[in-house]
Amino acid sequence: MANTPQAKKRIRRNANRAEINTARVSRIRTFVKKVEAAIEGGNKEEAKAALQAAQPEMARGVARGVLHKNTVARKMSRLTKRVAAL
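In structure tokens:
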């Protein structure tokens with residue numbers, strides 16, 4: 003258990019940040035799932051639009067520090083490749 007005031011504050015802060023970060027990652031996953039659903043459906047225009055919406059969200063996840071830069075680059079690359087193959 004934390005004894006010092008700064009350690010107690012850090013525990014409160016970490017709990018708040020974890021909640022926010024979880025919501026951010028969840029939001030990003032939802033955008034990615036929309037792209038994947040459009041790809042599965044075979045609708046190229048819908049997939050392109052979903053990818054255009056997902057890319058800034060994924061980039062924002064990197065900027066906020068909730069996802070690693072290379073992870074997002076890899077996922078964007080793979081999704082783009084799949085959309086182009088339709």
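Every letter in the sequence shown is one number past the one before it in this note's numbering, and letter 42, counting from 1, is 44.
For glycine and all other residues, C-beta sits at the position ideal for the given N, C-alpha and C.
(message) Please classify Met-60 as buried or exposed, where buried requires at least 16 neighbouring CB atoms within 10 angstroms.
(response) Around the beta-carbon of Met-60, 16 or more other beta-carbon atoms lie within 10 Å, marking it buried.
(request) Look at the alpha carbon of Glu-42 and the alpha carbon of Arg-84, and state the distance between them as a whole number of angstroms. (result) Roughly 10 angstroms between the two C-alpha positions.
(message) Count Cβ pairs between the segment 3-20 and the segment 64-78 that sit closer than 8 angstroms; are there 3 or more?
(response) Counting Cβ pairs under 8 angstroms, fewer than three are found: no touch.
(message) Tell me the rounded alpha-carbon separation between Val-37 and Lys-10.
(response) Their backbone Cα atoms lie some 42 angstroms apart in a straight line.
(request) Could you work out which residue in Thr-82, Thr-73 and Asn-45 is closest to Gln-54 when comparing CA atoms only? (result) Taking the Cα of Gln-54 as reference, the smallest distance to any Cα among Thr-82, Thr-73 and Asn-45 is reached at Thr-82.
(request) For the alpha helix (DSSP H) containing Ala-65, list its first residue and its last residue. (result) From DSSP, the alpha helix (DSSP H) with Ala-65 extends over 46-66.
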